[in-house]
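Numbering (this note's numbering), first residue to last: 40 to 272.
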């Protein structure tokens, strides 16, 4: 069970970690408001959960489009009820080598990984403040803790997520709203399929989901794993 959580909004829910978290929360009795920019993943997720008679409502939306996010989240809350738990999971990867630095690639990473998180939070936060309860969870990365050669855009975008959530955590605590920053290492998801070099301490998605679900239940402020890589950083 996930205490005080009836409805969870999850971005990037059509595939990878977002989808796995949606399934785990659904089986814990939480209604899922799923957002993704790809229709196929949402249709597949909906079919899977509906076969188990579990409540789910979906919306196709790009998290970089703030007005559309507001509209789609409002529609989802009308169908399912107010969002108690937000998991901002939508994200992209990509190389940004300093030897061939491309500001357009850098901007795209920041737009999805940082501004997309801000747009998603903005869509649910006024309601949480009004109700004086809620839980915001942002999926960051261990790459936020230290620069990695060739990945400056990804590292910078995730470091921004950490700063955003830390600032919000302090300000929102008096309103009964918890904020959790999740910093995983490498997870076996479609986003990492095209990485050419070996990735250290690669985790299966199920392992990451178990750790994240524990952090959500305990409303931890910060959760970083696997321990081996955390110690190294």
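Here a beta-carbon is modelled for each residue, glycine too, at the ideal position from N, C-alpha and C.
Just so we're clear, the structure is a prediction, and the values are computed from it rather than from any experiment.
Check whether the Cβ atoms of residue 81 and residue 57 sit closer than 8 Å, and answer yes or no.
What you label residue 81 is simply residue 42 of the chain shown in a count that begins at 1. What you label residue 57 is simply residue 18 of the chain shown in a count that begins at 1. No, Cβ-Cβ distance for residue 81 and residue 57 is not below 8 Å.
Taking only beta-carbon atoms, is residue 261 less than 8 Å away from chain B?
Here there is only one protein chain, and chain B is not present.
Let me know the secondary structure DSSP gives residue 54 once reduced to three states.
The count along the chain shown starts at 1 and reaches residue 54 at position 15. Looking at residue 54 - three-state DSSP - the assignment turns out to be coil, as it is neither helix nor strand.
Assuming residue 259 and residue 219 make a contact with CB atoms under 8 Å, what is their CB distance in whole Å?
Taking the first residue of the chain shown as position 1, residue 259 is located at position 220. Taking the first residue of the chain shown as position 1, residue 219 is located at position 180. So it is a contact: roughly 6 Å between Cβ atoms.
Measure the alpha-carbon distance for residue 176 versus residue 153 and round it to whole angstroms.
One-based indexing of the chain shown puts residue 176 at position 137. One-based indexing of the chain shown puts residue 153 at position 114. When rounded, the distance between both Cα atoms is 13 Å.
Would you kindly check if the distance between the Cβ of residue 148 and the Cβ of residue 193 is under 8 Å?
Translated into positions along the chain shown, residue 193 becomes position 154. Translated into positions along the chain shown, residue 148 becomes position 109. In contact: residue 193 and residue 148 (Cβ atoms closer than 8 Å).
Cα-Cα separation between residue 71 and residue 263, rounded to whole angstroms
Taking the chain shown and counting its residues from 1, one reaches residue 71 at position 32. Taking the chain shown and counting its residues from 1, one reaches residue 263 at position 224. Their Cα atoms are separated by approximately 25 Å.
Beta strand (DSSP E) runs wholly inside the segment 75-151, at least 3 long, in chain order
95-99, 124-127
Residue environment, residue 169, which counts as buried when at least 16 other CB atoms sit within 10 Å:
Position 130 of the chain shown, counted from the first residue, corresponds to residue 169. It is exposed - the Cβ of residue 169 has fewer than 16 other Cβ atoms within 10 Å.
Straight-line CA distance for residue 79 to residue 155?
Locating residue 79 in the chain shown gives position 40, where the first residue counts as 1. Locating residue 155 in the chain shown gives position 116, where the first residue counts as 1. One C-alpha to the other measures close to 21 Å.
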